[in-house]
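Using the numbering used here, the first residue of the sequence shown is number 2, and each one after it goes up by one.
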Amino acid sequence: MNVLVVGGAGYIGSHMVKMLAARGHAVVTLDNFSTGHRDAVVAGRVVEADLADRAALDALFASGRFDAVMHFASFIQVGESVREPAKYYRNNFANTLNLLDAMVAAGVTRFVFSSSAAVFGEPERVPIDEAHPKRPINPYGRTKLMVEEALADYDAAYGLRSVSLRYFNAAGADPQGAIGERHDPETHLVPLVLQAASGRRPSVAVFGDDYDTPDGTCVRDYIHVVDLCDAHLLALDWMAAHGSSGAFNLGNGQGFSVREVIDTARRVTGRPIAVVASPRREGDPARLVADATLARRELGWNPRFAALDTIVAHAWAWERTHASRGTEG
Ligand code: UFG
């Protein structure tokens with residue numbers, strides 16, 4: 002297949018590009034490099050353009066016949082989305098419509114969308130299945146839900162088939178060590194904990210220890226980036242087989258507290274990790290755990306790297322190369 006990976010220079014997109022190429026697919030990365038890294042794209046052609054630029058999108062779709070588009074390009078910081086909603090509605094929603102419209106115009110009919118657990122808002126129950134009410138509590142989550150809703154309408158009206166994959170907490174790195182997580186600024190727990198282990202940071206903050214959870218810290222469902230990429234490939238097969246659209250929650254179904262993640266990292270790295278008790282971060286639900294039964298049943302998805310130790314070990318191998326290069330972020 003010929004697959005366009007939008008945001009292929011970012012964390013999850015770059016792992017997708019690598020996997021697609023390894024499976025023998027032709028891959029083109031589209032990225033504006035606002036947050037992505039050129040050296041993270043390890044295969045295929047790279048086109049630098051912004052999703053706001055419809056003419057550039059039309060030119061790209063005219064340049065080759067794509068069988069499918071995978072869309073990873075979005076801003077992901079919840080707090081920032083509250084302070085700067087325009088940035089999120091513009092990029093994550095309006096620009097995504099540009100991409101969909103360009104696909105419809107070019108006759109490309111398969112789309113995999115990086116959605117988020119954030120579409121559910123404060124959970125009414127865990128684990129969270131697809132039937133759980135969708136009431137996002139911040140602009141970030143709203144933009145993801147708005148795209149999901151637009152996709153249902155685009156399917157009905159234009160025959161654009163899509164799969165929305167709602168990631169819980171993506172973590173880990175390429176098991177071969179070629180690429181990994183490199184956000185700047187980094188806000189995610191696993192890389193921050195490992196940067197404290199490698200000495201790139203003095204300590205890691207624990208945001209709140211008075212939640213209604215067993216140890217008082219927030220519980221999350223960490224899922225390996227490669228397992229997420231597997232689900233994208235299966236989503237392509239699923240659309241081809243079913244000729245319809247769907248949405249699936251992706252997680253391991255097991256929650257780990259912030260303290261458990263830090264303890265796992267201490268064990269895996271063999272390094273001390275200093276912790277600073279800090280106030281709660283605004284907008285953090287106490288628990289987010291996926292019920293991914295539907296993805297397992299419908300897509301045939303079976304996470305290969307479900308153990309938190311493995312997720313942390315792969316992220317640690319990446320952190321060590323990265324820290325030794327002395328690079329930022
Ligand atoms: N945390 C800390 N200290 C830190 C960073 C995080 O204690 O320095 C805690 C958070 O409070 C949270 C947990 O670690 O309880 C995980 O935090 P992350 O920022 O790694 O992940 P989130 O659960 O906040 O975010 C995930 C995705 C986001 C997405 C969000 C939507 O990583 O991209 O879900 O719900 F926007």
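Each residue gets a CB set at the ideal place from its N, CA and C atoms; glycine is no exception. Predicted model, so just to flag it, every value in this text is computed and none were measured.
Between Tyr223 and Ala172 a beta carbon distance of about 5 Å is seen, short of the 8 Å cut, so the two are scored as contacting. Sequence-distant Cβ neighbours of Ala74 in its own chain, meaning closer than 6 Å and more than five residues away, are Val7 and Gly8.
Cβ neighbours of Leu295 within its own chain (closer than 6 Å, five residues either side excluded): Glu131 and Phe249. Scanning its chain for C-beta atoms nearer than 8 Å, with the 5 sequence neighbours on each side dropped, one finds around Phe306 the residues Gly173, Pro176, His225, Val227, Asp228, Ile312 and His315, in chain order. Taking 3 residues as the shortest admissible run, the region 68-147 contains the following complete beta strand (DSSP E) segments, listed from N- to C-terminal end: 69-72 and 111-117. Put simply, the backbone Cα of Ala63 is about 18 Å away from that of Leu98.
In the assembly as shown, Asn303 is an exposed residue. Its beta-carbon has fewer than 16 other beta-carbons within 10 Å. Segment contact: the region 102-118 against the region 32-44, fewer than three CB-CB distances shorter than 8 Å; contact not assigned. When DSSP states are grouped into helix, strand and coil, Tyr212 belongs to the coil group. Using a cutoff of 7 Å, the CB of Tyr141 counts as near the ligand UFG, since one of the ligand's heavy atoms is closer than that. Per DSSP, Ile224 is one residue of the beta strand (DSSP E) stretching across Tyr223 to His225. In the three-state scheme derived from DSSP, where H, G and I count as helix and E and B as strand, Val7 is classed as strand. Burial check for Ala232: the Cβ neighbour count within 10 Å reaches 16 or more, so the residue is buried.
Taken from the Cβ of Phe208, at least one heavy atom of the ligand UFG lies inside 7 Å. Every alpha helix (DSSP H) stretch that sits fully inside the region 218-304 and reaches 4 residues is listed by chain position as 226-243 and 259-270. Look at Ala206 here: in three-state DSSP terms it is strand. Between the region 196-211 and the region 154-168, the count of Cβ pairs shorter than 8 Å is below three; the stretches do not touch. Leaving aside the five residues that flank Gly181 on each side, the residues in its chain whose CB is nearer than 6 Å to its CB run, in chain order, Ala174 and Trp319.
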